[in-house]
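**Q**
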Amino acid sequence: MNSQDANKLADAIAAVGTEKLGHVLCSLLSGDIGFDMSCAYLFRFDRNAQLLHDGYDGQVSAKTLEAYARGGYLLAPFYVASMNRHPAGLWRMSDLAPDSFFSSGFAISRDLPPCVSSTHSTLVEEIGYIIHLQPRTAIVFSLMKAQDHGPFDPAEIQRLETLSPVIGSLWELHWRNAPKSADAIADNPESELESAFVDILQGQLTDAQRYIAKLLLQGHSNASIARLLGISEGTVKVHKHNIYQRLEISSNSDLFRLFIGYIAQSAR
Numbered sequence: 003m004n005s006q007d008a009n010k011l012a013d014a015i016a017a018v019g020t021e022k023l024g025h026v027l028c029s030l031l032s033g034d035i036g037f038d039m040s041c042a043y044l045f046r047f048d049r050n051a052q053l054l055h056d057g058y059d060g061q062v063s064a065k066t067l068e069a070y071a072r073g074g075y076l077l078a079p080f081y082v083a084s085m086n087r088h089p090a091g092l093w094r095m096s097d098l099a100p101d102s103f104f105s106s107g108f109a110i111s112r113d114l115p116p117c118v119s120s121t122h123s124t125l126v127e128e129i130g131y132i133i134h135l136q137p138r139t140a141i142v143f144s145l146m147k148a149q150d151h152g153p154f155d156p157a158e159i160q161r162l163e164t165l166s167p168v169i170g171s172l173w174e175l176h177w178r179n180a181p182k183s184a185d186a187i188a189d190n191p192e193s194e195l196e197s198a199f200v201d202i203l204q205g206q207l208t209d210a211q212r213y214i215a216k217l218l219l220q221g222h223s224n225a226s227i228a229r230l231l232g233i234s235e236g237t238v239k240v241h242k243h244n245i246y247q248r249l250e251i252s253s254n255s256d257l258f259r260l261f262i263g264y265i266a267q268s269a270r
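For the sequence shown, the positions run 3 to 270 when our numbering is used.
Here's what the structure looks like:
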């Protein structure tokens, strides 16, 4: 580590507990890593996502960020991985996403995700650090590249992996030392979004059908759902047919629009 890196690390340590941490970390990384946007979210089960660091540089609208925090994050691969205790450290979003995620309604929506690694969007790749804080509570610090800059190369990935313990420790200290007003997420029963994930389907679908609908929304294919549930693809197709009939829809896109409508209604 040279003196410049040491000074940047000292700045990052000094920024712990303040709103500057994300920007200071980006400054620390930008010398060796090329990226176009960044963000850090605090994810907690049954609570709205909390944006800890906004490194979108005005490229993502406030409306989109609000929709994501209200419930869109429930479909995001990094959130799902965090809540399922996926190992901490640096991960490509493409390695966490279900097999049909990038052709799902979530991945191609212009109104919901603030960042998506997909040919349908303006970004080619997102990588992120998963930092577990306590059960069902995690911070994800992400870096994103635009299509015209290509994916993160092996040298960049190696550099980011080397820094993983440092990045993780700084965000954990930040969470533990931040003022309560900055860390708190309203404990309002109306914000229990995970429990209400399929409220739009309540009374219309069986428990099994609601769970399959959730997997479909997250971007799982028939084959992926069959593997997860230990059933045949034919059985999954039957469930999908029944789900569509009961909801009076004809596609996964229609199901996604129902979910978007639920998020919009919950914000009123």
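Heads up, the beta-carbon is just placed ideally off N, CA and C, and yes, glycines get one too.
On the CB-based measure, 16 or more other CB atoms within 10 Å of its CB, does R49 come out buried or exposed?
**A** Around the beta carbon of R49, 16 or more other beta carbons lie within 10 angstroms, which makes this residue buried.
**Q** Thinking C-beta only, is L207 closer than 8 Å to R248?
**A** yes
**Q** Quick check on DSSP: helix, strand or coil for K22?
**A** coil
**Q** Out of W177, R94, M85 and I251, which one is the CA nearest neighbour of I159?
**A** R94
**Q** How should R178 be labelled, buried or exposed, when 16 other C-beta atoms within 10 angstroms of its C-beta is the threshold for buried?
**A** exposed
**Q** First and last residue of the beta strand (DSSP E) that includes F37?
**A** Per DSSP, F37 belongs to no beta strand (DSSP E) and is neither H nor E.
**Q** Thinking C-alpha only, which one of S32, S166, A215 and H55 is nearest K10?
**A** S32
**Q** Going by DSSP in three states, L217 sits in which element: helix, strand or coil?
**A** helix
**Q** Relative to the alpha-carbon of R46, which residue among A228, A12 and L76 has its alpha-carbon at the smallest distance?
**A** That would be L76, whose Cα lies nearest to the Cα of R46.
**Q** From the DSSP output, read off the bridge partner residues of A69.
**A** In DSSP, A69 forms no bridge with anything.
**Q** Which residue or residues does DSSP assign as beta-bridge partners of T139?
**A** R46 and Q136
**Q** Which value, in whole angstroms, describes the spacing of the CA atoms of G91 and S252?
**A** 39 Å
**Q** Give the secondary structure of L257 by DSSP, where H, G and I count as helix, E and B as strand, and everything else as coil.
**A** If DSSP states are grouped into helix, strand and coil, L257 belongs with the helices.
**Q** Go through its chain and collect everything with a Cβ distance to L23's Cβ below 6 Å, but skip five positions before and after it.
**A** A17 and H176
**Q** I'd like to know whether the C-beta of R87 is nearer than 8 Å to at least one C-beta of chain B.
**A** Here there is only one protein chain, and chain B is not present.
**Q** Residue range of the beta strand (DSSP E) that L76 falls in?
**A** Looking at the DSSP string, L76 is not in any beta strand (DSSP E), and its letter there is neither H nor E.
**Q** Is Q247 helix, strand or coil when you go by DSSP?
**A** helix
**Q** If contact is defined by three or more beta carbon pairs under 8 Å, each pair taking one atom from either stretch, is the segment 131 to 139 in contact with the segment 60 to 79?
**A** no
**Q** Per DSSP, which one or two residues make a beta bridge with D2?
**A** Absent from the structure is residue 2, since the part of the chain shown begins at 3 and ends at 270.
**Q** Mind the definition here: the segment 82 to 91 touches the segment 54 to 65 only if three or more C-beta pairs lie below 8 Å; say whether that holds.
**A** Touching, no.
**Q** Quick check on H241: buried or exposed, where buried means 16 or more other Cβ atoms within 10 Å of its Cβ?
**A** buried
**Q** Which residues in the same chain have their Cβ closer than 7 Å to the Cβ of F154, if we skip the five residues on either side of it in sequence?
**A** Excluding its 5 nearest sequence neighbours in each direction, F154 has C-beta neighbours in its own chain below 7 Å: E127, I129 and K147, listed in chain order.
**Q** Using a Cβ-Cβ cutoff of less than 8 Å, which residues in the same chain neighbour H230 once the five nearest sequence positions on both sides are dropped?
**A** A small fix is needed here, since residue 230 is Leu in this sequence, not His. Hits under 8 Å: L217 and H222.
**Q** Report the partner residues of G130 according to the DSSP bridge assignment.
**A** Residue pairing for G130: DSSP places it in a beta bridge opposite W93 and S144.
**Q** Among A51, I15, V238 and L30, which one has its Cα closest to the Cα of V142?
**A** A51
**Q** Between S5, H25, E21 and D34, which has its C-alpha nearest L165's C-alpha?
**A** Residue D34 is the option with its Cα nearest to L165.
**Q** Between F37 and L145, which are expected to be in contact by the criterion C-beta below 8 Å, what is the C-beta distance as a whole number of angstroms?
**A** 4 Å
**Q** Going by C-alpha to C-alpha distance, which of A157, D97, L30 and Y213 sits closest to A8?
**A** L30
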